[in-house]
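There are 2 protein chains.
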Amino acid sequence: MKTPSNTSRQRVIRDEKDASARADAGGKRRPSGQGVRMIDVADAAGVSLMTVSRALRQPDLVSAETRKIVLDAVRKTGYVTNSVAATLASNRSNVVGLIVPSIQNSLYAETTKGIADVLRASGLHLILADSGNSLEEEEALVGTMLSQRVCGLILHNTDHTARAVTSMENAGIPIIETGDIPADPIDMAVSYSNAEASSAMTLHLARRGYKRIAFVSLDTKTNRRASERLRGYLAALKSAGLRKDPRLIREAAPGIASGAEVMSQLMKVTPAVDAIFFAGDVLALGALFEAQRQGWKIPGRIAIASFDDLPVLQHSVPRVTCLRLPRLDVGRRSAQALLDRLQGLDAPVHLNLGFEIIQREST
Amino acid sequence: MKTPSNTSRQRVIRDEKDASARADAGGKRRPSGQGVRMIDVADAAGVSLMTVSRALRQPDLVSAETRKIVLDAVRKTGYVTNSVAATLASNRSNVVGLIVPSIQNSLYAETTKGIADVLRASGLHLILADSGNSLEEEEALVGTMLSQRVCGLILHNTDHTARAVTSMENAGIPIIETGDIPADPIDMAVSYSNAEASSAMTLHLARRGYKRIAFVSLDTKTNRRASERLRGYLAALKSAGLRKDPRLIREAAPGIASGAEVMSQLMKVTPAVDAIFFAGDVLALGALFEAQRQGWKIPGRIAIASFDDLPVLQHSVPRVTCLRLPRLDVGRRSAQALLDRLQGLDAPVHLNLGFEIIQREST
DNA sequence: CTGTTAGCGCGTTCAA
DNA sequence: TTGAACGCGCTAACAG
C-alpha cells in the first residue's frame, strides 16, 4: 500500500527528545513491595505462613478476626502474591495461551476479546502471540507457551506442523482449535465452517439471480481458511448448476488496495461478471471504493458480497451483504469449553456455531 | 449500532452439534511430555541435572559431545523447559505485561504488534489484557500482572488510580506509559502528544482557509486522550484567531454510526460549519458515508479531517486528511526501552515520537 | 481453625 | 568442564 500520489506531507514534529533524566533513572528504586514475601506478612501479622496463604486463597477456612489481621498486614506490607511460586508449588497454572495468525487483524481481535472476557471472569489470564501465518512460528510459540506451563492453549488455526501437534498432544492440557472445523482435531474445536459459509453465500447470490459469480480470496495454498472457502464456492456453483469459470476465481493479497485492484481487473478482463464474492480480509471494501471511483453502480452494474460482517461494511454506501460469523461467541465458547475441561466437566469436543447471511443493499 | 432496517436476515445454519464424544474425552491422555523433568533428561543422558541446564541455557559452557548427548536426550524424552520453575529459581522472569484500553480497537492492535515483535526477538513474551477504559479494572490488572512477576509493564494510558501508581512504583520493574505524553510519568513514557497533534491539525485546517472548524471527539471527561485533543484544538483556534463556538464542539460515542449521526446534527444545527475535525475512533468514516448518502460534496460543501490514519481512510472516496501517528513505532520503541532498562542500559525516559499531517482530498 | 513438614523443578554457588 | 548442595516462595498433606 503506497501513499497516494496526491498526498503532500507536512512534517510537523519528528524528533525524539530525551527529557532530562530522572534522578533515579538508573533503576535503584526501592522495591518495597517487590521483596515482600508471604512469610513477611505472616511475621507482621503474628501468624504462620500457612494462615496467610489460607486467608488469601480460602478465606472461609480462617476465622474472621484472623483474616482481618492478615489482610491488614497484607496492605501494610504491600504484599503481592507470587503466582509463579504458587504455580510451581500447586502444579496448577492460571494462564491460557492464545495464538492468532495476526494481532492486527480486527477479526481475530474480536475472538480474542471473547476469550479474554470469559477467562478474566474466572481469574485466568491470557498470553497472546501471533504466528504471522507461519506454521513454523506457530510451532515455536506452542513450545514457549508449553514451557510457560499454560493451563490450556487456544489456536486460531487448524493446520499445524507435526511436531507442534505432538507437543500439544503430549502436553496433557486442553487444546482448542478454531478458525475452521478441523477434520481431525487435536482435542476440542469451536468454530464455524468456512466451506459451509462460503457455499451458503454463493448459493444466496445464485438464488438472487446472479449467473457469473466471481470468487476472490486470500492465498489458498498457504491458508486453510481460504482454501475451504474456495471449496465451498465450487461446491455451490455445481449444486446451483452454474459453470466454473477460471477467470472468475482470483487470489489477492490482504488489504483494501488489493481489493480495489482485483475489482478493477475482473471488470476489465471479464465484463460479463455480475457479482463478486470477496471471501476474505477487507477486500470487499477496496472493491466498493473502486466502484465508487469508477461510477459502477452497486448492485446495478455489479453486485458485491463479503465474507465477514465488518462494521464498515454495515454502514458503507451501499451497505454490503455479508456473512455474519459468531467470532465473539467463538471466543467465549472456546474459553468456556477450556474452563469446563479444567474443572473436569465433559466439555463438548466439537462445536459448530454456524453463521448467518446478512442480505443488504449491495446484492 | 442497530442492524439497518433494510436488512433482511436469513438464518442459514444455527445449531450446535456435539460431535460424537472422543473416546478419551475425559482427559486421561498420557502426559508423556508434561511430566518430564530436567532430571529425567539427565538420567537419560547419563549426566547430572546441571549439565542439562547448562547445555540448554549456556551451551558454551558444555563440551560439544556432552551437548549433543544432552540435546538428543531432550528430543528423545520430549522435555519442555519449565520456565515457571526457572523464573522462581533465578528470580528473573521473561514475560512482559501489556494493558490496553480495548483489545478490539485496531489502533491499539498496531502498537501491540510492535511490542510483540520486538519482545519476541529477545525471547520475551507478552501477557495482554484490556481495561475496558476503566481505571479500576486497570488497577486490578496491574495487580494480577505484578503477581505474575512480569519483568516489565506497558500501559496504553497515562491516567491511573493512586493505588495502581503505588503498586507500580514499588514493583521495581520498568514501567512504560504510552497513548499520550504524561505530565508526571511513573517511570518511562513513549508516545506522541495528543494536544500537539490536535493543535497541528486544527491549524492546518485554518491555514487552508477554513473558518468554522468543528471538533468532534470521544468523551473528554473520562478519556484523557480526548481531553488533550480538545485542549489542542482550543489552543489552535486561539492562535489562529478563530473564535470558539460551543455549537461546533461535540462529543460522540465510539463507532461509525455515531460519526454519521454527529455529522448530520452539525450540518443541521450549524449549516455555516465548513470543516469538521474528527478527533477519535472511526467517527470520520461514519461522517464520510453520511455525506455520500446526503450528497454533500467533500470538501466542496464540508471538509473532513481525522485524527488517525486508518487504512480505510487512505482509500475511501474521497481520501481523508489525517494525522499519521507512529503507533507501530511507539510499540517497538516501548519494548526496546523496556529491554534496554532490563539490561541495565540508560534507556530514554521520555520519548516524543511526533506525528505527521497527511493532506488528502477531503480538505 | 491453625501450624508443621516436605517438596514443586529449576538456577545459583560453590567445590571438584 | 562437571557435579552437589541449597534455596527460590509457595502449596499440599497431615497433625494438632
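Protein sequences appear in the order of chains F and U.
So for the first sequence, numbering that gives the first Met the number 0 puts the first residue at 0; every next one is plus one.
So for the second sequence, numbering that gives the first Met the number 0 puts the first residue at 0; every next one is plus one.
In this text, a Cβ means the ideal position worked out from N, Cα and C, and glycines have one as well.
query                                                                                                                               : result
C-beta atoms of residue 167 of chain F and residue 175 of chain F nearer than 7 Å                                                   : no
Cβ separation of residue 325 of chain U and residue 191 of chain U, assumed to be a contact under 8 Å, to the nearest whole Å       : 7 Å
Cutoff 7 Å: residue 314 of chain F Cβ touching any chain U Cβ                                                                       : yes
Separation of residue 307 of chain U from residue 93 of chain U, as counted between CA atoms                                        : 33 Å
Chain F within 7 Å of residue 253 of chain U, Cβ atoms only                                                                         : no
Residue 109 of chain U: contacting residues in chain F (beta-carbon distance under 7 Å)                                             : 103
Chain U contact for residue 20 of chain F (CB, 7 Å cutoff)                                                                          : Low local confidence applies: a pLDDT of 28 at residue 20 of chain F is under 50, so the model's placement there is unreliable, with the coordinate-based value given in what follows. Answer yes: the Cβ-Cβ gap between residue 20 of chain F and chain U drops below 7 Å somewhere.
Residue nearest to residue 118 of chain F in terms of C-alpha spacing, selected from F:171, F:213 and F:95                          : F:95
Beta carbon of residue 177 of chain F nearer than 7 Å to that of residue 329 of chain F                                             : yes
Amino acids of chain U, ordered along the chain, whose beta-carbon sits closer than 9 Å to that of residue 146 of chain F           : 79, 80, 81, 82, 83 and 85
Three-state secondary structure (DSSP) of residue 176 of chain U                                                                    : strand
Within-7 Å CB hit, residue 159 of chain U to chain F                                                                                : no
Residue 349 of chain F in three-state terms, based on DSSP                                                                          : strand
Exposure of residue 344 of chain F, with buried meaning 16 or more beta-carbon neighbours within 10 Å                               : exposed
Contact set for residue 25 of chain F: own chain, Cβ-Cβ below 6 Å, skip 5 residues either direction                                 : Residue placement at residue 25 of chain F cannot be trusted, given a pLDDT of 32 that sits under 50; what the coordinates show is reported in the next sentence. Contacts found: none.
Start and end residues, beta strand (DSSP E) containing residue 103 of chain U                                                      : No beta strand (DSSP E) holds residue 103 of chain U; DSSP gives it neither H nor E.
CB contact check: residue 124 of chain U to chain F, cutoff 7 Å                                                                     : yes
Alpha carbon of residue 126 of chain U to alpha carbon of residue 180 of chain U, nearest angstrom                                  : 24 Å
Pair within 7 Å by beta-carbon distance, residue 108 of chain U and residue 102 of chain F                                          : yes
Nonlocal neighbours in the same chain, by C-beta distance under 6 Å from residue 154 of chain F, ignoring five residues either side : 98 and 176
Span of the alpha helix (DSSP H), counted from its first residue to its last, around residue 334 of chain U                         : 326 to 341
Run of the beta strand (DSSP E) containing residue 216 of chain F, from where it starts to where it stops                           : 212 to 216
Beta-bridge partners of residue 187 of chain U, as assigned by DSSP                                                                 : U:175
Within chain U, partners of residue 307 of chain F - CB distance below 8 Å                                                          : Per Cβ cutoff of 8 Å: no residues; residue 307 of chain F is ~14 Å from chain U at best.
Three-state class that DSSP yields for residue 61 of chain F in the structure shown                                                 : coil
Contact list for the region 222 to 242 of chain U against chain F, Cβ threshold 9 Å                                                 : none
Given 8 Å, three or more beta-carbon pairs between the region 286 to 299 of chain U and the region 253 to 265 of chain U            : yes
C-beta contact flag for residue 128 of chain U and residue 209 of chain U at 7 Å                                                    : no
Secondary structure of residue 27 of chain U, DSSP reduced to three states                                                          : With a pLDDT of 31 at residue 27 of chain U, under the threshold of 50, the modelled position of that residue is not reliable, and no figure is offered here.
Three CB pairs or more closer than 8 Å across the region 299 to 315 of chain F and the region 244 to 255 of chain F                 : no
For residue 230 of chain F, the first and last residue of its enclosing beta strand (DSSP E)                                        : Unbroken run through residue 230 of chain F is the alpha helix (DSSP H), 223 to 239; no beta strand (DSSP E).
Proximal residues to residue 185 of chain U (C-beta, below 7 Å), its chain only, five neighbours per side dropped                   : 164, 167, 168, 174 and 176
Integer Cβ distance of residue 205 of chain F from residue 216 of chain F, believed to fall under 8 Å                               : With a Cβ gap of about 18 Å, residue 205 of chain F and residue 216 of chain F do not count as contacting.
Pairwise C-alpha distance: residue 65 of chain F and residue 135 of chain U                                                         : 28 Å
Backbone secondary structure at residue 283 of chain F - three-state DSSP                                                           : helix
Those runs of the alpha helix (DSSP H) which lie wholly inside the region 72 to 135 of chain F and span at least 4 residues         : 82 to 89 and 105 to 120
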